[in-house]
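Asker:
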Amino acid sequence: MGLLRYYQINLTELATHVRSIMDRTTAMRIFLVEDSAVLRDRLMLQLAHKRNAEVIGSADDATGAIEQIQRLNPDLVILDIRLRQGNGYQVLKSIKTRGKPPTILVLTNFPYPQYREVFLANGAEYFFDKSTEFDSAMDCLTRLLEQKQDGH
-11 MGLLRYYQIN
-1 LTELATHVRS
9 IMDRTTAMRI
19 FLVEDSAVLR
29 DRLMLQLAHK
39 RNAEVIGSAD
49 DATGAIEQIQ
59 RLNPDLVILD
69 IRLRQGNGYQ
79 VLKSIKTRGK
89 PPTILVLTNF
99 PYPQYREVFL
109 ANGAEYFFDK
119 STEFDSAMDC
129 LTRLLEQKQD
139 GH
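In terms of the working numbering, the sequence shown opens at residue -11 and continues consecutively.
1) Could you check which residue in 124, 81 and 20 has the C-alpha nearest to that of residue 108?
2) Does the count of Cβ pairs from the segment 18 to 25 and the segment 34 to 52 closer than 8 angstroms reach three?
3) Per DSSP, what kind of secondary structure is residue 138 in: helix, strand or coil?
4) Which residue comes first and which comes last in the alpha helix (DSSP H) that contains residue 36?
5) Which of helix, strand or coil does DSSP assign to residue 74?
6) From residue 113 to residue 44, what does the alpha carbon distance come to, in whole angstroms?
7) May I ask you to list the residues that DSSP assigns as paired with residue 18?
8) Using a Cβ-Cβ cutoff of less than 6 angstroms, which residues in the same chain neighbour residue 89 once the five nearest sequence positions on both sides are dropped?
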């Protein structure tokens, strides 16, 4: 009986370990470009509760964002327009010229129709207002994570 219990415990531990490895391999790799430390922390907290999301880095300026995104090759970039130095449009233009660019979700306090039009026309897939559409942006992110997990 002791031997059977030993194997049950080890099989449970093994299953947990395998599930953990699978979560990491199917996780969506996310990079945050946000100048507000408060919002960056809020996004990281939200994403930490999603088991198939992995925040691989963040930046608060255009140059740092471009360099890290090129090096880390994320699946998704959550992008603000106004940054500490530079702007989100510079980041968008730079990363969309790569061979397999990441999906871009713009999350901004500057949801002017002109900005929305320019960002979507230049490669951003999603555009949300931080003040009024934050929950919609998180719903969109959840759908993207589910699609990634399902292999789409």
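Ideal Cβ positions, reconstructed from N, Cα and C, are used throughout, including at glycine.
What you are looking at is a predicted structure, and each value in this text was computed from that prediction instead of being measured.
Answerer: The structure says:
1) 81
2) yes
3) coil
4) 25 to 36
5) coil
6) 20 angstroms
7) 43 and 64
8) 83
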